[in-house]
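Student:
Protein chains in written order, with our numbering: chain A, 1 to 256; chain B, 257 to 512.
#1: If you run the structure through DSSP and keep just helix, strand and coil, what is residue 227 of chain A?
#2: Relative to chain B, which residues along the stretch 118 to 133 of chain A have a C-beta separation below 7 Å, given in chain order?
#3: Could you tell me which chain B residues have their CB closer than 7 Å to the CB of residue 162 of chain A, listed as they occur along the chain?
#4: Tell me, to the nearest whole angstrom, how far the beta carbon of residue 54 of chain A is from that of residue 83 of chain A; I am working on the premise that it is less than 8 Å.
#5: For residue 48 of chain A and residue 277 of chain B, I'd like the C-alpha separation in whole angstroms.
#6: Quick check on residue 506 of chain B - is its C-beta less than 8 Å from some C-beta in chain A?
#7: So within the stretch 306 to 374 of chain B, which uninterrupted beta strand (DSSP E) runs reach at least 3 residues, ignoring any that extend past its ends?
#8: Taking Cβ positions only, does residue 362 of chain B come closer than 8 Å to chain A?
#9: How would you call residue 203 of chain A, buried or exposed, if buried means at least 16 neighbouring beta carbons within 10 angstroms?
#10: Considering Cα atoms alone, identify which of B/509, B/507, B/495, B/502 is closest to residue 127 of chain A.
#11: Going by other Cβ atoms of all chains shown within 10 Å of its Cβ, with 16 needed for buried, is residue 444 of chain B buried or exposed?
#12: Could you give the first and the last residue of the continuous alpha helix (DSSP H) run that contains residue 502 of chain B?
#13: Report yes or no: is there a C-beta of chain A within less than 8 Å of the C-beta of residue 478 of chain B?
#14: Output the residue ranges of the beta strand (DSSP E) runs that lie fully inside the stretch 115 to 200 of chain A and measure 3 residues or longer, sorted by chain position.
#15: Here's the rule: buried if 16 or more other CB atoms are within 10 angstroms of the residue's CB, otherwise exposed. What is residue 321 of chain B?
#16: Can you list the residues of chain A that residue 435 of chain B reaches, using a CB-CB cut of under 9 Å?
#17: Report all residues from its chain with a CB closer than 6 Å to the CB of residue 394 of chain B; omit the five preceding and five following residues, and keep chain order.
#18: Would you kindly check if the distance between the Cβ of residue 366 of chain B and the Cβ of residue 482 of chain B is under 8 Å?
#19: For residue 33 of chain A, name the three-state secondary structure that DSSP assigns.
#20: Anything in chain B within Cβ reach of residue 159 of chain A, meaning under 8 Å, just list it in chain order.
#21: Given a threshold of 16 other Cβ atoms within 10 Å of its Cβ, counted over all protein chains shown, does residue 448 of chain B qualify as buried or as exposed?
#22: Hey, is the stretch 171 to 191 of chain A in contact with the stretch 145 to 162 of chain A, meaning 3+ C-beta pairs nearer than 8 Å?
#23: With a Cβ-Cβ cutoff of 8 Å, do residue 486 of chain B and residue 461 of chain B count as a contact?
Set out below in structure tokens:
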């Protein structure tokens, strides 16, 4: 087990750079905070590089820490933990995780595809809902938020370890779904589209949700088999995209 | 029409205090920013006290401003608008609205009741979804977030003007629903509760959503007629409360 007590330590300085997206992508690593998320990552066999903890973390989770590979553990001072943490109140434990390598995914069941969804909280919540509803995976198309920032990681509550979440160009993926004879549905605020309640009995599907302001882009909509919408019955102009995705995923999964 | 050019103006200093919850409640007034929300408020006959605009607001929305009561209008300098605004980029127009007085509400149709929902974004999104799904109103119980802070007002996108949103003790309201023979449903992460898909054909109902961490309190659950849950089929531990509310409200409203 290592021990680092100074915030000026070179390794600590390097780890802090993981708050930047570019550094995360260059190093293919990211940081998670708090025991709950770290426990989820370990359970899911994520590739853990380091687990840093201060005295509080060590006393609260000593039994769990004893069960981890000792070579991964780094005991740090409160100052070091605070200097790395992005939380107002650091939770005693931080882990550095290696990003998953490209998986051989199987196109079957239900898939959620995100076209340029920009709010990190929305992306994280949709991945968590896809996990809860029982979808097979999530594909992040061009423009969709990076999932390895702290806000998305917190909104996902570990769901990124439960189902594949893959960054891929949507056009390429839509063509693959079509080749596999899986129907591809766009979503649109357009009462002339198919009301979602009519879609039942779909064992397999790809569902595309779009940008918070503009919706799914017209180039992507043209490639879909059909467009569906959620009826708006009150005076609201639209639904939040994560709410709309939740309604659609639960409807499709529970009416297979 | 008034004109205020100095940030040291007494009235401007008073208006700034509306960023504080206590001052909003004492004065029964709140502030909204941006043309879209202000237009929604005017359309819905909200009680407008003042509309402040800078040169940009005046040039973009001159026709609309001409149609408003000139006694409500205050032309201000960019500095004044910036000093009042809570947005990183002020949008040229700010309005001061008087809070609605207690309405005589009619207990019919579907109602959403919030028990200690603390995240302002969640509360705002749930009110917007209740509006979209066609519910009759929303009741904010003890501990639920104030709806007149900027984040909730933005998440609601004007839905607070489309249906009654009332702050009332939940126990009192549950008793009123029961006296009116309207079934009251609690929600719980408990697979022994009734799966929500089984609830159909309900013309009237009260649906209670609970705190982000603890759910609906046990004292409130004891008062309900039944407890329902949303099946979790993947490995996620729970759903975000606003997502769960969206799934339930759309299911209940579209299966009346």
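Heads up, the beta-carbon is just placed ideally off N, CA and C, and yes, glycines get one too.
Tutor: Well, looking at it:
#1: Here residue 227 of chain A sits in strand by DSSP.
#2: Result list: 125, 128, 129, 131, 132, 133.
#3: Ordered by position in chain B, the residues that pass the 7 Å Cβ test against residue 162 of chain A are 490, 491, 492.
#4: Taking C-beta atoms under 8 Å as the contact rule, residue 54 of chain A and residue 83 of chain A fail to qualify, at a distance of about 11 Å.
#5: Residue 277 of chain B has its alpha-carbon roughly 44 Å from the corresponding atom of residue 48 of chain A.
#6: Any Cβ of chain A closer than 8 Å to the Cβ of residue 506 of chain B would place that residue at the interface, and such an atom is present.
#7: 329 to 332, 349 to 354, 366 to 370, all fully within the stretch 306 to 374 of chain B.
#8: Contacts with chain A at 8 Å (Cβ-Cβ) do not include residue 362 of chain B.
#9: So residue 203 of chain A ends up on the exposed side.
#10: Measuring C-alpha to C-alpha distances from residue 127 of chain A to each of B/509, B/507, B/495, B/502 identifies B/495 as the nearest.
#11: Residue 444 of chain B should be labelled buried.
#12: 497 to 510 is the extent of the alpha helix (DSSP H) around residue 502 of chain B.
#13: By this cut-off, residue 478 of chain B is not an interface position.
#14: Listed in chain order, the complete beta strand (DSSP E) runs (minimum 3 residues) inside the stretch 115 to 200 of chain A are 137 to 140, 165 to 167, 184 to 187.
#15: Residue 321 of chain B is buried by the Cβ-count criterion.
#16: Going along chain A, no residue has its Cβ under 9 Å from residue 435 of chain B, so there is no contact; the nearest lies around 26 Å.
#17: Cβ within range, chain order: 368, 383, 386, 421.
#18: In this structure, the beta-carbon distance from residue 482 of chain B to residue 366 of chain B does not fall below 8 Å.
#19: The answer is strand: DSSP assigns residue 33 of chain A an E or B state.
#20: At a C-beta separation below 8 Å, residue 159 of chain A has these neighbours in chain B: 490, 491, 492.
#21: If you draw a 10 Å sphere on the C-beta of residue 448 of chain B, you find fewer than 16 other C-beta atoms in it, and that means exposed.
#22: Counting Cβ pairs under 8 Å, fewer than three are found: no touch.
#23: Judged by beta-carbon spacing, residue 461 of chain B lies beyond the 8 Å limit of residue 486 of chain B, meaning their Cβ atoms are not closer than that value.
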